[in-house]
Amino acid sequence: MLRLPSALPSARAITLGVAVALFLLLCVLPIIYMLGVSFVGGDGSFSVGNYRQLLIDARQRELLLTSTLLGAGTALLATSVGAPLGLLLARTRLPLKRMLRIAFIIPLVVPPYVSALAWILMTGSTGFVASWLGCDLLSAWTYSLTGAIIVLGTSFFPLSMLATEAAAWRVNGRLEEAGLLVASPGRVLWRITLPLIAPTVAAAALIIFVLALAEFGVPGLLRVRVFTTEVFTAFSALYDFGAATALAVPLLAVALIVGILAKLITGERLLATRRNLYPGLVLRLGRWRAVVLCFFTIILAASVILPLSALAIEAGQLERIIFALGTSGDAIFNGLYLSTIGATLTCALAVLLGYGRARSGARLRGLVDLLLIVIFAVPSTVVGVGLIGLWNRPGLLGAIYTSQTIIVVAYLARFVPVAALMLAASVRQIPVSVEEAAEVGGANWWRTFTRIVLPQMRTGLAAVWVVSFIFCFGELGATLLVAPPGESTLPVRVYTIIANTPPSEVAALALLQVGIILIPLALLGFFTGGERGVR
Amino acid sequence: MIQQQCLIQRLSDFKHHRRLAALALVLSLALVAACTDERQTGITTGNNANTSGAANEVTIYVSTDRVFSEPILRAYEQKTGVRVNAVYDTEETKSTGLANKLLAEKNRPQADVFWSNEPIRTLVLKKNVVLTPYDSPNAEGIPATFQDPENYWTGFSARSRVIVYNTNLVKPEDAPKSIFDLTDPKLKGQVAIADPRFGSSSFHVAALYAAIGDERADEFFRKLKANDVKIVPGNSVVRDMVARGEVKVGLTDTDDVNVALEDSQPVAMVFPDREGIGVPVMPNMVSLIANAPHPEAGKRLIDYLLSPEVERMLAQSEAVQIPLHAGVEGPKNIPPLASFKPMTLDYGKAADRLEDVSRRLQPILGL
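Line order of the protein sequences matches chains C and A. Per this note's numbering: the first sequence = residues 37 to 571. Per this note's numbering: the second sequence = residues 752 to 1118.
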């Protein structure tokens, strides 16, 4: 790159430096703090006591295996549903595509715990299916690891779908066109398009793996014992922060190993693209149209229509929902407002980190990816307690801790790593040459970044913003711990009032929560995005 | 030529610094504005957390279900004009709970009062030096069993662990009368309990170990496991499974069953072990936080919570809590305190067993 010696650090160095410093402060420091706590013994001196007991009993090893299977099964199922969906949305002509895209995001918006409740209502031993058939065929299968994988897989596949679609849009159309001159569309898809989007698909699968690994509500409800519950036992039954943090370490190790495996399998296929005005490969469905529509219908029925109908039947009268809505105004406003700020700041920081990562050396890049995935795997409670330890101090930090700003800090701590990981692929595909050209043309770095780099990442950025918004809006683990007195966010409100309400009200509140988050997303979906690519 | 370019570069860098500096300024101003805004709306900012004792506000962390506790705190605000900042949570599911927040905030407490819906968390906090003693005048009249001799906590309005059964599947005369009846082979695969490492279920098992000794308790849980007991995440899940008829009986709390009764579900409850080891009664507990930001306001709020008036409100609400002051009318359908013997006489002893019992039960119940 054209760079002349300068006494002052460049704008680029300062901006990236600030981004990295913020990342370390917000995301890494709370975890280091907690790791520090885990090495303090009962008498206040250094001790490895918390780690000595790890994994020595067969029970814990078995739990860790179940957790890993749950993660792998969920990632596999979600990817095998989500990736084809994403590809079809990006590369085929279909009616009502925007509607379909929004409909397919719904499962991600429904809290997994509520999805599990809906499945129990449908397929449990006294569920709708059993009462229609007159006998109970499905409950053994519902209350099992398979059941948990299906519930989580149908909850998380939209992530794979969004990532695949964004990646498919970025593939250089000219490469595909060149391929089409000599090969069939199927072969071009198989040999050019898919290899180019594979790293993104793999990154999404890895994120889904970590999400499933972190889940303990759904396995608990479906009576599957997982390792993650151990971490929460250490917090809520034993009140031992050090032991809880130590217990999270095996989970992080699993995430690290799977992350390394994913890297080894997919590698980094670096093929720079230009800004893509049109895709080279449009899949003509022809006689496959019926098959594709059938696939869409099945997925839509299994992941959206059936669970939501089950909840609606359970909720019964509309007045329950209206009542829930009437009393939750502040919580809804707070949830939407804080998640909008949270998602925007998350994306801003993640864009800079993703950019810095993409423009660094290959070895550093690999390490950064693994660091991001491991940080994302840290249980939310560990992050929450770490944030309290760091921010509950006199002065400015304390002022932030006692205001709602701390909830945004918690969102950033939880989701910047995953957003940076998702955005990394988008930046990587922007060639360095365009930046160099801009610089030669006299544009400064900031201008190059905002006028050339960001616009090229637009689709990826929009997808990541939506996902971050959904994650922020649904965040509970860390928010519950750090939220100051006063009305908190909608999930916290729902959570603190569901304990003693009948299932019908829980269903009503869950539907409300889904509706609330869908409205802004639907508006966003209708007014932006999707102009490029195949309509 | 190169020198000239270098100069241009520096100039443009300088322009950038200015822009970045402006950005930083705007951001920090926004931050300060956000903080001041919070202050104006009255949420505790805690800048001088330990000095402003006379403030017209009080902060309480509440683990009693929000639907029951919020109206009581609102009534206090109406009555006194003191602003009550509340953080709600529930120990019902595997939430990490307010006890963890209080422990994490120990070095710089934000709360004045902790209102717990069961004894264990309060005693864990006492052990971890989060609480400070306060002897409220309104504690008079509450039986000594429900008061800490050292005044770190005072009990009020109690719930009980109960056996819940499905009235379509079990006749009242066949319903289990004791938790030991749950190991009856006739109920194989038909019993649900909440995970005994969490919430009020953990209190029940810890109290049981303290009451009957390790050997008998281990034996009981082994038999329960052999009877194919279903272990579920929370007490409301137990109740819902029984109400749906997925299992015939379960162990849960009085208020959980009452919610189902109000909703006309086919369930009924039995106060277990009235004849034998005693009924597992769980009082609410209220405590003052050590180094609280508003200790005086905290004490006034504790006095209010321990008043017969609050016990009456909690008895008449859907929480159906048993008043501990003599002379306060109890809830319908719930036997009065004087009519049975409580299982636990020393809550501290029961709480001491929590950790050990959690670890013991993991292999026995396959958790």
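Positions of the beta carbon are idealized from the N, C-alpha and C atoms, including for glycine.
Which residues in chain A have a C-beta closer than 8 Å to the C-beta of residue i? List them in chain order.
| i | result |
| --- | --- |
| C:Ala461 | Going along chain A, no residue has its Cβ under 8 Å from C:Ala461, so there is no contact; the nearest lies around 27 Å. |
| C:Ile424 | Lys852, Ala855, Glu856 |
| C:Gly397 | In chain order: nothing, as chain A lies at least about 24 Å away. |
| C:Ala519 | Val838 |
Would DSSP call residue i helix, strand or coil?
| i | result |
| --- | --- |
| A:Met1033 | strand |
| A:Glu808 | strand |
| C:Val254 | helix |
| A:Val783 | Low per-residue confidence applies at A:Val783: pLDDT is 45, beneath 50, and the placement is therefore not dependable enough to give any value. |
| A:Ile982 | strand |
| A:Asn917 | strand |
| C:Thr484 | helix |
| A:Asn836 | strand |
| A:Trp866 | strand |
| A:Leu697 | Given that chain A is displayed from residue 752 to residue 1118, the structure contains no residue 697 of chain A and the question cannot be resolved. |
| C:Val318 | coil |
| C:Thr525 | coil |
| A:Pro1074 | coil |
| C:Leu82 | According to the sequence shown, residue 82 of chain C is Phe rather than Leu. Three-state DSSP puts C:Phe82 in a strand. |
| A:Lys1043 | Per the sequence shown, residue 1043 of chain A should be read as Ala rather than Lys. Coil. |
| C:Gly430 | Checking the displayed sequence, the identity of residue 430 of chain C turns out to be Pro instead of Gly. In the structure shown, C:Pro430 sits in coil (DSSP, three-state: anything other than H, G, I, E or B). |
| A:Ala1101 | helix |
| A:Thr815 | coil |
Skipping 5 residues on each side, what residues in its chain have a beta carbon closer than 7 Å to that of residue i?
| i | result |
| --- | --- |
| A:Gln898 | Ala890, Thr905, Gly906 |
| A:Asp840 | Ser814, Ser846, Gly848, Leu849 |
| C:Ala338 | Thr190 |
| C:Leu157 | Gly163, Phe164, Ala346, Glu350 |
| C:Leu181 | Thr102, Leu105, Leu106, Val260 |
Check this for me: beta carbons of residue i and residue j, under 8 Å apart or not?
| i | j | result |
| --- | --- | --- |
| C:Val187 | C:Ser151 | yes |
| C:Ala240 | C:Leu288 | no |
| C:Ala119 | C:Val237 | yes |
| A:Asn851 | A:Val833 | no |
| A:Asp1004 | A:Ser929 | no |
| A:Ser887 | A:Leu1057 | yes |
| C:Ile409 | C:Gly513 | no |
| A:Asp863 | A:Ala1041 | no |
| A:Asn986 | A:Ser908 | no |
| A:Ile871 | A:Ala957 | yes |
| C:Gly122 | C:Leu211 | no |
| C:Val64 | C:Phe75 | no |
What residues of chain A sit near residue i, judged by a beta carbon separation below 9 Å?
| i | result |
| --- | --- |
| C:Arg88 | Those do not exist, as C:Arg88 stays about 15 Å from chain A at its closest Cβ, beyond 9 Å. |
| C:Gly72 | Near C:Gly72 there are no residues of chain A at all, since even the closest Cβ is about 14 Å away, more than 9 Å. |
For residue i, which residues of its own chain have a beta-carbon under 6 Å away from its beta-carbon, when the five flanking residues on both sides are left out?
| i | result |
| --- | --- |
| C:Phe505 | Ser375, Ala379 |
| C:Gly189 | Thr110, Leu113, Ala114 |
| C:Gly253 | Tyr149 |
| C:Arg323 | none |
| C:Thr495 | Ala202, Trp205 |
Mind listing the chain A neighbours of residue i? Cutoff is C-beta to C-beta under 7 Å, in chain order.
| i | result |
| --- | --- |
| C:Gly160 | Glu997 |
| C:Val421 | Asn851, Ala855 |
| C:Leu274 | Glu1106, Ser1109 |
| C:Asn208 | None at all; the shortest Cβ gap to chain A is about 32 Å. |
| C:Pro343 | In chain order: nothing, as chain A lies at least about 17 Å away. |
| C:Arg325 | The contacting residues do not exist; C:Arg325 stays about 42 Å from chain A at best. |
| C:Thr532 | Arg817, Tyr839, Asp840, Thr841 |
Which partner residues of residue i appear in the DSSP bridge assignment?
| i | result |
| --- | --- |
| C:Arg97 | Per DSSP, none; premise fails for C:Arg97. |
| A:Ala1019 | A:Tyr916 |
| A:Gly906 | A:Met1036 |
| A:Leu725 | Because chain A is modelled from 752 through 1118, residue 725 of chain A falls outside the range shown and cannot be assessed. |
| C:Pro577 | Here chain C covers residues 37 to 571 and nothing more, so residue 577 of chain C does not appear. |
| A:Gln898 | A:Thr905 |
| C:Val76 | C:Phe82 |
Starting from residue i, find everything on chain C with Cβ-Cβ shorter than 8 Å and list it in chain order.
| i | result |
| --- | --- |
| A:Ala977 | Result: empty, since nearest Cβ-Cβ is about 17 Å, beyond 8 Å. |
| A:Gln1067 | Those within 8 Å of A:Gln1067 in chain C number zero; the least Cβ separation is about 16 Å. |
| A:Thr810 | Pro521 |
| A:Asp1122 | Shown here, chain A extends from 752 to 1118; a query on residue 1122 of chain A therefore has no answer. |
Note down, in chain order, every chain C residue with its Cβ under 9 Å from the Cβ of residue i.
| i | result |
| --- | --- |
| A:Phe949 | Phe268, Thr269, Ser272, Ala273 |
| A:Leu1118 | Arg95, Arg261, Thr265, Thr269 |
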